[in-house]
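Chains as they are written, first to last, in my numbering: chain Y, 4 to 235; chain F, 3 to 249. Note that beta-carbon positions come from the ideal geometry of N, C-alpha and C, so glycine has one too.
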C-alpha cells in the first residue's frame, strides 16, 4: 500500500478531463457532427424565411447566430453528459482524488472548445447568408463569442451534470438553462448587432464587459457549488 | 486554485462506521449501521436486493453523504480529509466506469493520471498483464466482452494501490478461471494490508476468503457471520431469524 502518487493540481486535472473528452469525441465525432448539423440547419431555415430576393431582413442575423449557438449548445451539453451517464463514468470522475471543481472546469473547457468548432462554421455561414459584416471586426467578434459561449456553457455544464441522473433531463435542461442564460443571449445578440454599426465600438465594449461580468459570477458560483451538488 | 501537485500523504489503517443512516425522501435505505474494520481484513456485505448494500458502499466511497452518523477513515471523516481520502479508495462498481471509446491502455492511463500515479506506464502495463489483456491493450474497450471489461475495471480500481477497496458484485460475468484469479487477488490485497469490502450474492465463491460477513436486511445490520464453510446456510438462517443477531 505504498503508491507513488501525487494528487494532480487543479489545472492538470482540468486538462486531463478536457483531453479525454476531446479524444473520445475525435474517435466518435458524434457530438460535433450532430451539433454542427443542427446549427447549420437552424441557420438555413432562418435564411429561407428572412432572406428575400437575396436581401436579408435588417438586424436579424445576430439573433439567428445566437439562437443557433444556444440551441446547438444545449444539444452538445445533453449529449456530452449522456455519454458519461451511459457508462456511469461521471461517478468514476467523482471518485478521483482530484478536486471536483477541476473536473467541472475540464468538462466546461471541452464544451467551450466543441462549441468553438461549431462557431467556426456557423459564424461565416451567417455572415455570408445575411450579408453581415462581422468578419470585418474580428477581434470584438471573437471576444463576444468567447465570453458569450463561456457564460452559456458555464451554466449549462453545471445543470447538465446536476441533471445527469434525472429521468426528464432532456426536458429539464433547456427549461432551467434558458431563463438563467437570457442575459448572455441578450448581450451576445446586442453586441453582435452593434458590430455592424459604424459607430458601435463603445456599445460592443459595454456588452463584452457585461458578458465578462456574467462569466466571472457564474463560473465562480459553479466552481463553488459543483462539489456539493454532485455529492448525493 | 493551486496548480502544483499536492502530496498524497494521507493514509489510514482502519475504517469506522458509526450509526450511519441514509434516507431518500421518506424511504429509509440504511438505519443506524455500525461496524469497524481494520487493515488486512476482507469483509463481505450480504443481503437480499434492496437491503442497502450498494447505498452503504456508495457512502464508504464518499459518493453519498450519510443522512446521519459518520464514517471515519482512521481518525478523520471524508469531509475533514477532503479529496485526499479518495486517493486511498478504489471502487469497482456494478457499472464498470470505463470509457468504451478509449482503449484499455488509455482508460488505465487516464484514471491513473487522475488518481495522481506518477509515471503510470509501468503500472498500466502490469495491470494489463494481470487482467490478461496485454495483447488487447490497444483495442477499444467497447469491443471487449463483459468478463474482459470486468477484469480491466478491477485493475482500474486498484491502479493507485488504494487502502480501502470497495467491490460491488465483482464476480458478475467472470468465468471460473477469472473468478479464481479474482479470489487470489483479493487474498493478496488483504495480505498487503488493504481493507476490502465486497458485496456479492456468490456466497459459495466468497466464503473461503472473507474474514467476516455483515448481513443487511431492510437497511439494518441484521447479523454478523464469520467466513468459512457453510456461509450460505448461516446467511439463510440469519435472515429468517426475527431481529437478527446484532444487538
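Item                                                                                                                                     : Value
Beta-ladder partner(s) of residue 198 of chain Y, from DSSP                                                                              : In DSSP, residue 198 of chain Y forms no bridge with anything.
Proximal residues of chain F, C-beta to C-beta of residue 31 of chain Y below 8 Å                                                        : 103
Classification of residue 103 of chain Y by the beta-carbon crowding that lies within 10 angstroms, buried from 16 upward                : buried
Chain-ordered neighbours of residue 16 of chain Y on chain F, where CB pairs are closer than 8 Å                                         : 116
Any chain F beta carbon closer than 8 Å to residue 266 of chain Y                                                                        : What is shown of chain Y runs 4 to 235, which leaves residue 266 of chain Y out entirely.
Secondary structure, alpha helix (DSSP H): runs of 4+ residues fully inside the stretch 6-56 of chain Y                                  : 13-31, 33-53
Cut-off 8 Å between Cβ atoms - residues of its own chain near residue 1 of chain F, not counting five sequence neighbours on either side : Since the displayed chain F opens at 3 and closes at 249, residue 1 of chain F lies outside it and no answer follows.
Beta-carbon proximity check, residue 211 of chain F vs residue 185 of chain F, cutoff 8 Å                                                : yes
CB contact check: residue 22 of chain F to chain Y, cutoff 8 Å                                                                           : no
Endpoints, the alpha helix (DSSP H) within which residue 119 of chain Y is located                                                       : 103-132
Span separating the alpha-carbon of residue 88 of chain Y from that of residue 166 of chain Y                                            : 10 Å
Beta-carbon proximity of residue 91 of chain F to residue 168 of chain F, cut-off 8 Å                                                    : yes
Endpoints, beta strand (DSSP E) assigned at residue 37 of chain F                                                                        : 29-40
Cutoff 8 Å: residue 110 of chain F Cβ touching any chain Y Cβ                                                                            : no
Residues within the stretch 88-101 of chain Y neighbouring chain F, beta-carbon criterion of under 8 Å                                   : 90, 91, 92, 94, 95, 96, 97, 98, 99, 100, 101
Assigned exposure category for residue 102 of chain F - 16 Cβ within 10 Å defines buried                                                 : buried
DSSP three-state assignment for residue 170 of chain F, whether helix, strand or coil                                                    : strand
Neighbouring residues, chain F, relative to residue 25 of chain Y (Cβ below 9 Å)                                                         : Ordered by position in chain F, no residue passes the 9 Å Cβ test against residue 25 of chain Y, which lies about 11 Å from the chain.
Assigned exposure category for residue 49 of chain Y - 16 Cβ within 10 Å defines buried                                                  : buried
The stretch 197-204 of chain F contacting the stretch 41-57 of chain F, beta-carbon criterion three pairs below 8 Å                      : yes
Nearest neighbour of residue 114 of chain Y, chosen from Y:217, Y:213, Y:212, Y:23 [CA to CA]                                            : Y:23
Residue nearest to residue 94 of chain F in terms of C-alpha spacing, selected from F:228, F:176, F:155                                  : F:155
For residue 137 of chain Y, the three-state DSSP class (helix, strand or coil)                                                           : helix
contact_flag[the stretch 146-158 of chain Y, the stretch 117-125 of chain Y] where n(CB pairs < 8 Å) is 3 or more                        : yes
Minimum Cβ-Cβ distance from residue 234 of chain Y to chain F less than 8 Å                                                              : yes
Under 7 Å (Cβ pairs) to chain Y, residues found in the stretch 125-146 of chain F                                                        : none
Min CB distance residue 19 of chain Y to chain F below 8 Å                                                                               : yes
Residues in the stretch 40-58 of chain F having any Cβ partner in chain Y nearer than 7 Å                                                : none
Minimum Cβ-Cβ distance from residue 66 of chain F to chain Y less than 8 Å                                                               : yes
The stretch 213-224 of chain Y contacting the stretch 72-89 of chain Y, beta-carbon criterion three pairs below 8 Å                      : no
Proximity winner among F:23, F:46, F:35, relative to residue 214 of chain F (alpha-carbon distances)                                     : F:46
DSSP three-state assignment for residue 43 of chain F, whether helix, strand or coil                                                     : coil
Partner residues on chain Y for residue 97 of chain F, Cβ-Cβ distance less than 8 Å                                                      : 90, 91, 94
Reference residue 191 of chain Y, options Y:149, Y:91, Y:54, Y:77, closest by Cα                                                         : Y:149
Residue 33 of chain F at chain Y interface by Cβ criterion, 8 Å                                                                          : no
For residue 74 of chain F, the first and last residue of its enclosing beta strand (DSSP E)                                              : 70-75
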